[in-house]
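Taking it in order: structure first as structure tokens, then the write-up.
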Amino acid sequence: MGGVDIGALEREIENVLDAEKACLMKADFDGIEVISAKKEQLVERLGKITDHAPLRRIMKKIEWNGLLYEASLKGVRLAQQRIESIRTNNGQLKTYDGDGNISDKAISGRSLSLRA
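Below is the structure:
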């Protein structure tokens, strides 16, 4: 195994994946960027291990975080499309009130802002 402590590596990877998940859940994209460098180092060390059986749980976390990434990207893209739709629809925003009735709102370009 080339002197790699599988247990320690497993704990390190799990900690990084848990931190990554927390960043994804709160849309902390700056935090994800910081975590990426550490994750790359760990993946490089992981490549030196020939027995992957102890790391199955980690693979599930990696898959789950991948799904969270996809959902996050989908949400960002949908928001971008919605904003573009509002901009190209003569400044009209259709919303629904508490009873489910459609309400048209006129907005100006200045009143529309993006928040992360």
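Residue numbers (the working numbering): -5 to 110. Every residue gets a Cβ at the ideal spot worked out from N, C-alpha and C, and that includes glycine. Predicted model only: the values in this text are computed from it and were never measured.
So, using beta-carbon positions, are residue i and residue j closer together than 8 Å?
i	j	result
Lys33	Val10	yes
Ile29	Glu14	yes
Ser97	Thr89	yes
Leu36	Glu6	yes
Per DSSP, residue i is paired with what?
i	result
Tyr90	Ile96
Who are the near neighbours of residue i in its chain, counting only those whose CB is closer than 8 Å to its CB and skipping five residues on each side?
i	result
Ser66	Leu18 and Ala21
Met(-5)	Residue placement at Met(-5) is poorly supported in this model, since its pLDDT is 44, which falls under 50; the coordinates are not used for a value here.
Quick check on this structure: which residue in the options has the alpha carbon closest to the alpha carbon of residue i?
i	options	result
Leu49	Asp98, Ile26, Leu3 and Ile96	Leu3
Asn59	Glu6, Gly1, Asp12 and Arg5	Asp12
Glu27	Glu6, Asp(-1) and Tyr63	Tyr63
Asp(-1)	Arg39, Ala16, Asn95 and Lys68	Arg39
Grab me the residues of residue i's own chain with a C-beta within less than 6 Å of its C-beta, minus the 5 sequence neighbours each way, in chain order.
i	result
Asp93	none
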